[in-house]
Ligand SMILES: Cc1ncc(C[n+]2csc(CCOP(=O)(O)OP(=O)(O)O)c2C)c(N)n1
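Residue numbers (our numbering): 110 to 815.
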């Protein structure tokens with residue numbers, strides 16, 4: 110009964126936090142009024158789980174958070190945590206005033222965004238990764254027998270992200286792989302003003318193959334606890350996913366600004382209050398003789414007084430007030446530590462284990478390699494050196510990738526570390542996010558850039574924001590390899606030649622690598638993997654498909670696009686730091702700024718221009734975010750004339766950023782740009798009509814010099 114009383118306190122406090130949220134808002138001191146009222150039965154779910162079971166919570170799981178805070182030893186003051194979040198105080202323990210989220214590393218609550226259902230792919234990834242990490246002997250913050258709990262609303266069930274994630278959980282479980290995941294649907298019957306058809310959640314979630322279904326009346330704490338206990342036990346023992354469907358009510362509308370009477374009758378709202386979970390628990394306590402009715406009221410008032418007193422005290426707490434303070438945790442970077450770590454690791458690599466990976470011939474002895482081969486050998490070297498690194502995606506394992514980039518990795522490292530995923534980019538990235546949080550180093554592949562876009566939120570909204578919303582207390586190290594860009598000699602049309610990077614370029618903190626040459630690809634991939642491991646960096650590694658198997662630069666057979674693989678003794682020396690460009694040539698007439706396929710075209714153009722006496726230098730940016738500001742400025746100043754050769758689209762393409770950067774830097778010389786058209790890429794030879802060409806670069810260069 111003391112447990113029940115403790116949970117009742119969590120429920121009461123959660124309810125009064127909602128009151129406090131509106132009170133603070135009315136005083137201009139609070140900024141968030143989405144509450145948990147009516148959902149307080151979720152305290153019983155927390156009680157059925159262990160403190161160390163990682164939780165990804167719905168924004169109405171306030172009582173869960175408070176109940177879990179009480180489980181900690183010493184107990185945390187969850188009330189203060191939430192209030193500090195409501196007033197966006199810097200002292201708030203997880204987001205530090207950046208948002209109101211439920212989260213705390215000591216409580217194993219991982220903060221979530223407000224994008225409904227977007228946390229489900231990560232939750233599945235985490236459930237998968239905890240077991241996978243144990244199998245690989247990689248330490249994680251959580252015991253091997255943990256249950257990952259993930260809560261969400263009833264309208265969220267219909268979101269394609271949830272549908273895909275639930276399918277992914279079943280797909281993994283179907284194969285007999287562990288997915289210890291408890292999916293808790295807190296069903297209040299509404300998504301803002303839209304009613305979920307009665308019975309729909311049960312119809313959608315129950316009876317599914319490979320995901321067990323439990324349900325409970327969210328107003329009955331004892332029932333919630335019993336069912337949650339049964340569900341958690343089932344998940345923990347079977348290592349299979351389960352739903353826990355809680356029927357709840359929603360008291361006070363969607364948020365403080367929501368006028369519920371616009372879409373609900375007063376009669377309906379007042380009848381529903383019979384199902385208030387606070388009344389349910391009070392009834393339990395009174396019937397069991399633990400409290401008299403008057404005690405219940407006293408307790409209610411005492412908790413209210415306490416919450417409002419704390420609210421009053423923290424109302425004026427200091428808030429973030431400078432851009433640098435706000436932005437500090439977006440993507441903390443320590444380039445010198447990355448370089449040192451890379452060097453130290455390289456010194457530890459010895460040839461014997463590498464021979465086990467590569468056979469008799471080490472890659473540095475293979476002679477000049479293509480871009481695809483260089484990436485392949487680097488992945489192999491890094492997989493050998495990093496036990497927590499996993500490589501996965503569509504077709505990466507058995508086939509070795511559509512372009513052969515991951516060929517042989519499955520054979521060398523086995524299916525626990527190199528595996529084919531289901532065909533769902535959102536689930537691939539979600540798995541990566543869960544794996545990263547669990548302590549693995551995920552290297553997912555997105556087969557084509559065009560197919561990143563239907564899952565971009567997993568990078569944009571989830572991966573890139575985790576450090577921001579947790580003050581870097583949670584990180585999801587990630588190196589997502591994306592085969593992309595155009596010029597596949599008329600093959601494939603738009604979907605295999607997408608040249609749009611704008612959707613990645615504006616994501617705060619995201620590192621975008623775009624190597625063009627084999628030697629750069631190897632060094633930059635090592636940099637990304639090290640930055641991910643050391644700083645938790647989120648990296649998009651863009652691989653220009655058309656250059657994967659390119660061998661020549663100026664003449665057929667010249668081998669000018671091949672490069673030898675560097676042995677580990679040279680890795681520190683050839684380290685390419687994030688944001689460092691590379692210059693080719695030292696001409697003083699013109700600087701051509703470019704990257705990717707543009708580098709090869711520009712080098713060819715520079716050679717041709719050189720024949721007519723024009724001295725060019727070509728700057729390969731290599732990193733598209735952060736842009737190599739200093740190198741750009743310096744090489745522009747060296748000639749006073751800049752031509753940007755950009756294979757991405759004229760609007761929203763990389764060249765916009767380069768020109769703006771130069772203008773911002775006070776560059777007063779001449780600038781021009783050539784880019785691809787604002788078009789999708791057509792099939793066949795027509796592609797050339799809309800893409801940047803070597804001829805266009807040469808012509809623009811001559812114009813600029815005229
Ligand atoms: C992807 C996305 N679309 C729209 C919204 C705006 N929105 C916020 S809450 C909400 C309703 C969610 O309903 P439900 O999942 O039932 O949770 P509840 O709020 O009822 O607990 C909507 C549409 C959002 N946050 N995310």
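All C-beta atoms in this analysis are idealised placements derived from N, C-alpha and C, irrespective of residue type, glycine included.
Burial check for residue 301: the Cβ neighbour count within 10 Å stays below 16, so the residue is exposed. Rounded to the nearest angstrom, the gap between the Cα atoms of residue 722 and residue 752 is 17 Å. Taken through DSSP and simplified to helix, strand or coil, residue 308 comes out as coil. DSSP, reduced to helix, strand and coil, places residue 461 within a helical segment of the structure shown. Residue 603 sits in a helix when the DSSP states are folded into three classes. Excluding residues up to 5 positions away in sequence, 447, 450 and 451 lie with their Cβ nearer than 6 Å to the Cβ of residue 639 in the same chain. For residue 230, the three-state secondary structure derived from DSSP is helix.
Residue 736 is a Cβ neighbour of residue 770, given a cutoff of 8 Å.
In this structure residue 739 is exposed. Its beta-carbon is surrounded by fewer than 16 other beta-carbon atoms within 10 angstroms.
The beta carbon of residue 120 lies closer than 7 Å to those of 149, 152, 172, 386, 387 and 390 in the same chain, with the five residues before and after it left out. Here the stretch 630-650 makes contact with the stretch 574-586; the two share three or more CB pairs at distances below 8 Å. C-alpha of residue 527 to C-alpha of residue 688: approximately 29 Å in a straight line. Remark: three or more beta-carbon pairs, one from each stretch, lie closer than 8 Å, so the stretch 555-562 and the stretch 591-609 are flagged as touching.
A contact is defined here as three or more CB-CB pairs under 8 Å, and the stretch 362-375 fails this definition with respect to the stretch 179-193. Counting only the Cα atoms, residue 235 lies some 48 Å from residue 694.
Residue pairing by DSSP puts residue 758 in a beta bridge opposite 785. Pairing residue 515 with residue 489, the inter-Cα distance amounts to about 9 Å. Residue 240 is positioned such that its CB atom lies closer than 8 Å to that of residue 287. Restricting attention to 552, 132 and 791, the CA atom closest to the CA of residue 634 is found in 552. Considering only 296, 470, 682 and 367, the residue with the shortest C-alpha distance to residue 263 is 296. In the three-state reduction of the DSSP assignment, residue 377 falls in the helix class, which pools H, G and I. Taking a cut-off of 8 Å on C-beta distances, the stretch 667-680 touches the stretch 458-478, as three or more cross pairs fall below it.
A direct Cα-Cα distance of roughly 39 Å separates residue 453 from residue 430. Set against 7 Å, the gap from the CB of residue 169 to the closest heavy atom of ligand 1 is smaller. Put simply, of 308, 251, 248 and 226 the residue whose alpha carbon is nearest the alpha carbon of residue 292 is 226. Runs of the alpha helix (DSSP H) lying entirely within the stretch 700-786, each at least 4 residues long, are 706-720, 738-748 and 763-773 in chain order.
The criterion of a C-beta distance shorter than 8 Å is not satisfied by residue 520 and residue 554. Residue 147 has its Cβ no nearer than 7 Å to any heavy atom of ligand 1.
Shown here, residue 285 sits in coil according to DSSP, grouped into three states, outside any helix or strand. Shown here, residue 342 sits in a helix according to DSSP, grouped into three states. Look at residue 325 here: in three-state DSSP terms it is strand.
In this structure, residue 730 sits near residue 690, with a CB-CB distance shorter than 8 Å. Residues of the same chain with their beta carbon placed closer than 7 Å to that of residue 804 are lacking, with the five preceding and five following residues left out of the count.
For residue 257, the enclosing beta strand (DSSP E) covers residues 257-262. Here the alpha carbons of residue 381 and residue 323 stand approximately 23 Å from one another. In the structure shown, residue 637 falls within a helical segment according to DSSP collapsed to helix, strand and coil.
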